[in-house]
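See structure below.
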Amino acid sequence: MIAQVSVTLSLIMGGFMPPVTPASEGSFLVQNRPIKEGPAIRPPVDAKCPQWWHLAVEQGWSRNLLPKLDKIMYRESRCILDVINKKDPNKGSYGLMQVNGFWVDYLSSRGILKRLKDLHDPSINLRSALAIYNYANAKYKNGWGPWKM
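Quick note on my numbering: the sequence shown kicks off at 497 and runs consecutively.
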């Protein structure tokens, strides 16, 4: 099944701002789609979070993005699912990819999550991170930008 995410262009203070309404400032389509079954996922021996690679692919992450996803996941959460950084603005950052509370309305409007605490579910956290990655990639040509990469 293909989940279609309509993204709108906006930028606030040099950061990545999710759109407020789908019709504002023009919009275009980004698709979050699970990858078809392929060969087994074999993380390299130096992977920091290999236990999450298979789930990341199930949630739609492309295999070629996994090495960078791994590095960011390790940097952000040390691969620990229930990490919360309450010092971050907008109610903090949550889970494997440290998705900031700032994105909750955007992600909720797209049916990815219902409430902030849903980000503790690894599937939802990885799917949320993919939606943020796709938004930033479509808008700024740098999907890793929200993680300062």
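A virtual CB, placed ideally from N, CA and C, is assigned to each residue, including glycine.
Would you kindly work out how many angstroms separate the C-alpha atoms of residue i and residue j, rounded to a whole number?
| i | j | result |
| --- | --- | --- |
| Asn560 | Leu626 | 13 Å |
| Val553 | Glu572 | 19 Å |
| Asp601 | Leu577 | 21 Å |
| Ala632 | Gly641 | 7 Å |
| Pro563 | Pro546 | 10 Å |
| Val579 | Lys610 | 19 Å |
| Asp584 | Asn596 | 7 Å |
| Tyr570 | Ala634 | 25 Å |
| Met645 | Asn586 | 21 Å |
| Cys575 | Ala543 | 11 Å |
| Gly607 | Tyr636 | 23 Å |
| Pro539 | Gly639 | 21 Å |
| Ala536 | Ile628 | 26 Å |
Once DSSP output is grouped into helix, strand and coil, what is the label at residue i?
| i | result |
| --- | --- |
| Val595 | strand |
| Asp624 | A quick correction: the sequence has Ser, not Asp, at residue 624. Reduced to three states, the DSSP call for Ser624 is helix. |
| Ser558 | coil |
| Ile568 | helix |
| Asn581 | strand |
Would a C-beta distance cut-off of 9 Å place residue i and residue j closer than the cut-off?
| i | j | result |
| --- | --- | --- |
| Gln555 | Leu612 | no |
| Ser619 | Leu603 | no |
| Tyr590 | Leu615 | yes |
Which one of the options has the shortest CA to CA distance from residue i?
| i | options | result |
| --- | --- | --- |
| Met593 | Lys583, Asn586, Ile568 | Ile568 |
| Asp617 | Trp548, Asn638, Asn586, Lys544 | Trp548 |
| Lys541 | Asp566, Gly607, Pro535 | Here residue 541 is Val; the residue named in the question, Lys, does not match the sequence. Per the Cα distances, Asp566. |
| Asn630 | Cys575, Ser558, Lys587 | Ser558 |
| Trp643 | Pro539, Pro535, Trp599, Arg606 | Trp599 |
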